[in-house]
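Numbers given in our numbering equal positions in the sequence shown, counted from 1, plus 8. Glycine included, each C-beta is placed from N, C-alpha and C at the ideal position. First the structure, in the form of structure tokens, and then the observations on it.
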Amino acid sequence: MAQVNKRSVCPYDCPDTCGLLVEVIDGKAVKVQGDMEHPYTRGTLCPKMANYEKTVYSPHRLTRPLLRKGPKGSGDFEPISWDAAMDIIKKRWREIIGQYGPEAILPYSYAGTMGVVQRNCGEAFFNRLGASRLKRTICSKAKDWGWSAVMGSTLGIHPDEAQNSDFIILWGNNAMAVNIHFLHNVGKAKEKGAQVWLIETYETPTARVCDKAVLVRPGTDGALALAMMHVIVRDGLENKQFIKDYVLGYEEFTEVLKDYTPEKAGEITGVNPELIEELARLYAKARAPFISLGSGLSRYGNGAMTVRAITCLPALVGAWAVPGGGLSAGVFTGSALETAIITRNDFLKKPTREINMNQLGDALTELDDPPVMSLYVYHSNPAAVAPDQNMVIKGLLREDLFSVVHERFMTDTARYADLILPATTSLEHPDLYRSYGHYCLQKADKVIEPVGEAKSNWDVFALLAQAMGFHDPYFSHTADEMVTKLIESPTPWLAQVDLARLAAGYPVELPLPENYKTQFGTPSGKIEIFNKDEEEPLPRYLEPHGDDAPFWLVNSPSIYSLNSSFNEREELVKQKGGMYLLMNPDDALAKGFVDGDPVVAFNKRGEVKFILKITSRGPKGVVVTEGIFWLKDCPGDRSVNALTSQRLTDRGEGSTFYDTKVDVKRIKK
Ligand SMILES: Nc1nc2c(c(=O)[nH]1)N[C@H]1C(S)=C(S)[C@@H](COP(=O)(O)OP(=O)(O)OC[C@H]3O[C@@H](n4cnc5c(=O)[nH]c(N)nc54)[C@H](O)[C@@H]3O)O[C@H]1N2
Ligand SMILES: Nc1nc2c(c(=O)[nH]1)N[C@H]1C(S)=C(S)[C@@H](COP(=O)(O)OP(=O)(O)OC[C@H]3O[C@@H](n4cnc5c(=O)[nH]c(N)nc54)[C@H](O)[C@@H]3O)O[C@H]1N2
Ligand code: SF4
Ligand SMILES: [Mo]
9 MAQVNKRSVC PYDCPDTCGL LVEVIDGKAV KVQGDMEHPY TRGTLCPKMA NYEKTVYSPH
69 RLTRPLLRKG PKGSGDFEPI SWDAAMDIIK KRWREIIGQY GPEAILPYSY AGTMGVVQRN
129 CGEAFFNRLG ASRLKRTICS KAKDWGWSAV MGSTLGIHPD EAQNSDFIIL WGNNAMAVNI
189 HFLHNVGKAK EKGAQVWLIE TYETPTARVC DKAVLVRPGT DGALALAMMH VIVRDGLENK
249 QFIKDYVLGY EEFTEVLKDY TPEKAGEITG VNPELIEELA RLYAKARAPF ISLGSGLSRY
309 GNGAMTVRAI TCLPALVGAW AVPGGGLSAG VFTGSALETA IITRNDFLKK PTREINMNQL
369 GDALTELDDP PVMSLYVYHS NPAAVAPDQN MVIKGLLRED LFSVVHERFM TDTARYADLI
429 LPATTSLEHP DLYRSYGHYC LQKADKVIEP VGEAKSNWDV FALLAQAMGF HDPYFSHTAD
489 EMVTKLIESP TPWLAQVDLA RLAAGYPVEL PLPENYKTQF GTPSGKIEIF NKDEEEPLPR
549 YLEPHGDDAP FWLVNSPSIY SLNSSFNERE ELVKQKGGMY LLMNPDDALA KGFVDGDPVV
609 AFNKRGEVKF ILKITSRGPK GVVVTEGIFW LKDCPGDRSV NALTSQRLTD RGEGSTFYDT
669 KVDVKRIKK
């Protein structure tokens with residue numbers, strides 16, 4: 009029996025980017041644990057990854073290329089060889105290019121794997137092909153925009169900084185589900201006496217670790233932040249010296265703030281004005297207030313402006329100058345690696361059409377000149393995760409659309425494909441990972457051989473390049489070689505780390521300059537409350553889009569899945585308990601609903617069946633569902649995104665998933 013322990017990295021779209029230890033016996037991964045030597049993982053994993061080997065060896069893994077036999081969406085496929093699959097793609101793409109040009113081909117990918125090579129290599133291929141380009145905006149573009157409008161390219165705060173805070177606000181951050189390792193830092197701060205408050209739309213599982221939960225009406229956090237700053241300025245609690253040294257536009261901003269009294273904000277947010285006063289004073293008087301800002305609140309029509317307003321808070325009280333103080337909107341490590349050697353924008357002969365990934369439904373059903381005639385999906389599941397599911401599925405059902413899906417599982421999207429290609433899991437291919445929640449970089453070698461005939465993104469794009477007759481040397485490298493090239497391509501940041509240790513597969517931390525928290529990466533070198541380049545140079549409150557319906561629909565992440573991933577694991581699906589719609593007891597009473605009722609949430613975009621769960625965790629007027637289910641596990645024939653819309657955010661063209669309203673009715677039993 010040959011037993012070895014190998015290091016790897018969690019490939020999922022999660023800010024924690026955990027270091028893994030994989031126990032391999034006779035070439036089979038038998039156990040996956042958190043790496044004790046990883047400074048952020050500290051030896052623990054979340055419930056999803058604790059049994060990753062069950063995902064890797066799941067009986068539901070796709071192991072051979074599959075060609076559609078039955079009608080679209082029927083799930084009726086027959087296995088074919090990789091050679092045959094490549095021949096089919098070559099023939100169809102050549103026909104489409106001949107008739108419509110290469111822009112009739114649309115790639116669709118997001119973040120099934122976060123490794124820099126496997127995630128980004130498709131861009132090189134599609135640039136070379138001259139296909140339409142996908143605007144990858146589904147996650148947090150408005151959040152990034154709002155942060156940058158105030159802070160420019162300022163480095164993200166180190167997550168461990170929170171350990172030294174005495175007042176932590178988890179602002180729209182469901183850390184228990186989405187970045188559980190940050191709670192280690194929250195715990196350390198609490199041991200030293202810190203207070204922890206949550207600002208949310210309902211009492212998430214994270215509320216359990218907080219001293220207080222403030223529940224706002226969805227999409228109104230901007231008004232809350234502005235009212236907090238109103239109180240701070242009104243009561244002279246601002247940090248005058250910090251403002252003088254580091255802040256641009258304070259005086260003009262105080263004029264704006266005059267309007268946002270706690271009473272007015274109370275009306276907008278539904279939060280008691282006295283509670284707003286208390287929160288503002290606690291925040292301003294704390295020695296080192298720390299805000300951990302989630303992304304959910306940015307997925308509204310006013311998302312970027314909301315984030316801008318909240319980002320001004322630490323500037324007013326000088327939190328950046330104190331150990332333990334500041335605001336985290338993420339960690340930005342993009343400049344550490346020369347990703348351009350993977351994406352190869354230089355392969356693009358001329359700028360091609362760009363299509364916003366939030367508007368896939370429209371792109372497939374309405375776009376002309378040229379229409380989208382082929383969709384190539386890799387490491388994404390748009391039939392489940394993209395907004396306006398009915399339009400997406402209508403598009404996927406088009407008889408004249410040639411759709412290819414490269415996947416590990418028979419996802420909702422794969423089910424509608426003409427051709428499915430089996431994908432490897434992260435243990436079956438090499439990559440290099442950076443994080444958006446901490447500063448470690450880590451290389452992961454292949455740990456086991458591919459399951460069945462699965463191939464990695466890199467290897468499939470190499471085959472496609474061959475089929476399409478692209479002879480650029482790029483496509484003849486191996487993924488291992490590309491990982492090495494990334495490590496060897498110098499960047500100012502990479503020059504400061506131990507490259508040998510990185511190459512050997514250990515986590516290495518990117519160093520931060522001393523005083524980085526007060527080195528502001530804006531044109532003025534100051535925190536720009538006033539930003540002359542914005543259409544609206546000063547933050548104010550904007551309303552969300554809303555819909556003509558009575559209930560806000562919050563569709564929050566679940567502890568037991570990650571977007572639509574992990575639904576292959578029956579035990580995790582079971583732990584979710586069912587596709588519930590949480591409703592406040594008063595609303596349920598008014599509707600005459602009882603717990604467990606089968607209900608339909610509906611709006612002008614669609615109808616989705618849920619099981620009603622009555623709970624006082626949410627306020628009146630808000631219904632909540634957690635996690636994205638695969639259609640096969642839904643009570644009805646649609647999942648949550650049949651209700652969400654393709655509308656975009658105020659800035660950044662981001663998604664507006666939570667900017668959704670519905671009505672609810674009971675289904676006759
Ligand atoms: N277990 C698990 N982990 C995940 C994910 C998952 O689905 N499940 N998703 C991954 C991904 S893709 C990302 S981008 C990251 C971050 O994942 P995100 O989905 O951005 O999660 P959060 O940052 O916690 O933001 C979601 C929270 O915002 C709250 N919220 C919604 N609207 C409002 C509002 O108007 N105001 C306030 N105050 N709160 C609001 C929701 O109730 C929810 O609790 O996590 C990743 N990790
Ligand atoms: N209603 C609602 N919708 C949402 C959200 C929400 O909060 N509410 N969150 C949104 C957010 S923040 C995001 S980021 C998006 C995420 O959307 P996606 O990035 O599409 O995320 P997943 O649903 O995890 O789908 C990833 C797929 O990639 C596959 N995969 C994994 N590794 C590989 C690989 O190496 N190669 C290939 N070819 N496939 C692989 C997995 O099996 C999985 O099916 O969803 C968004 N959708
Ligand atoms: S999903 Fe997140 S918390 Fe869970 S193991 Fe992966 S990186 Fe860590
Ligand atoms: Mo995301």
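For residue i, name the three-state secondary structure that DSSP assigns.
| i | result |
| --- | --- |
| T1 | The requested residue 1 does not occur in the structure, where the chain is confined to residues 9 to 677. |
| E131 | helix |
| L472 | helix |
| A273 | helix |
| S343 | helix |
| M587 | coil |
| L405 | coil |
| R289 | helix |
| F601 | coil |
| V630 | strand |
| D496 | The sequence given here has Glu at residue 496, not Asp. Of the three classes helix, strand and coil, the one that applies to E496 here is helix, per DSSP. |
| I622 | strand |
| F410 | strand |
| L570 | strand |
| R242 | helix |
| K220 | strand |
| G529 | strand |
| L554 | The residue asked about is misnamed: residue 554 is Gly in this sequence, not Leu. Reduced to three states, the DSSP call for G554 is coil. |
| I456 | coil |
| L256 | strand |
Going by DSSP, name the residue or residues bridged to residue i.
| i | result |
| --- | --- |
| W179 | I207 and L301 |
| P115 | Y384 |
| A37 | V32 |
| N674 | The identity of residue 674 in the sequence shown is Arg, whereas the question assumes Asn. V607, per the DSSP bridge assignment. |
| K669 | W560 |
| P430 | E415 |
| Q11 | I33 |
| L440 | K451 |
| S89 | Answer is none; S89 lacks a bridge partner. |
| L356 | Answer is none; L356 lacks a bridge partner. |
| E362 | R141 |
| F76 | In the sequence on display, residue 76 carries Arg and not Phe. According to DSSP, R76 bridges with F85. |
| D335 | One point to set straight first is that residue 335 is Leu, not Asp, in the sequence displayed. L335 pairs with I299. |
| K617 | V608 |
Ordered along the chain, which non-local residues of its own chain (more than five positions away) have a Cβ less than 7 Å from that of residue i?
| i | result |
| --- | --- |
| K198 | V204 |
| T499 | S343, A344, L345 and E346 |
| R416 | R69, L70, A431 and T433 |
| D370 | M399 and Q654 |
| D168 | N193 |
Looking only at its own chain, which residues have a Cβ that is under 6 Å from the Cβ of residue i, when we skip the five neighbours before and after it?
| i | result |
| --- | --- |
| P558 | D671 |
| T162 | F528 and G529 |
| S566 | K584, E634 and G635 |
For residue i, collect the residues of the same chain with a Cβ closer than 8 Å to its Cβ; drop the 5 residues on either side in sequence, then sort them by chain order.
| i | result |
| --- | --- |
| T145 | N364, M365, N366, L656, G660, E661, G662 and S663 |
| E45 | G27, Y514 and P515 |
| R361 | E111, S140 and R141 |
### Message
Taking contact to mean 3 or more Cβ pairs, one atom from each stretch, closer than 8 Å, check whether the stretch 311-324 and the stretch 273-284 are in contact.
### Response
no
### Message
Does the contact criterion of 3 or more C-beta pairs under 8 Å hold for the stretch 531-551 versus the stretch 238-255?
### Response
yes
### Query
Any residues whose CB sits closer than 6 Å to a heavy atom of ligand 4? List them in chain order?
D21 and C147
### Message
Quick check: the stretch 122-130 against the stretch 622-642, are at least 3 beta-carbon pairs closer than 8 Å?
### Response
no
### Message
Measuring CB atoms only, is the stretch 600-608 touching the stretch 558-577, in the sense that at least three cross pairs come out at less than 8 Å?
### Response
no
### the stretch 434-454 in contact with the stretch 506-516 per 3-pair CB rule at 8 Å
yes
### Query
Would you call the stretch 99-106 and the stretch 327-341 in contact, with 3 or more CB pairs under 8 Å?
No contact exists between the stretch 99-106 and the stretch 327-341.
### Message
Within 8 Å, do at least three Cβ pairs link the stretch 606-626 to the stretch 208-221?
### Response
yes
### Query
How do the stretch 133-150 and the stretch 108-120 stand: do at least 3 beta-carbon pairs fall below 8 Å, yes or no?
yes
### Message
Does the structure place the stretch 406-426 close enough to the stretch 444-455 that three or more beta carbon pairs sit under 8 Å?
### Response
Using a C-beta cut-off of 8 Å, the stretch 444-455 makes no contact with the stretch 406-426, since fewer than three inter-stretch Cβ pairs fall below that distance.
### Message
Could you check whether the stretch 348-358 touches the stretch 385-392, counting it as contact only if at least three pairs of C-beta atoms, one from each stretch, sit closer than 8 Å?
### Response
no
### Query
Do the stretch 588-599 and the stretch 79-95 touch if we need at least three Cβ pairs shorter than 8 Å?
no
### Message
For the structure I just gave you, are there three or more beta carbon pairs, one from the stretch 177-185 and one from the stretch 290-303, closer than 8 Å?
### Response
yes
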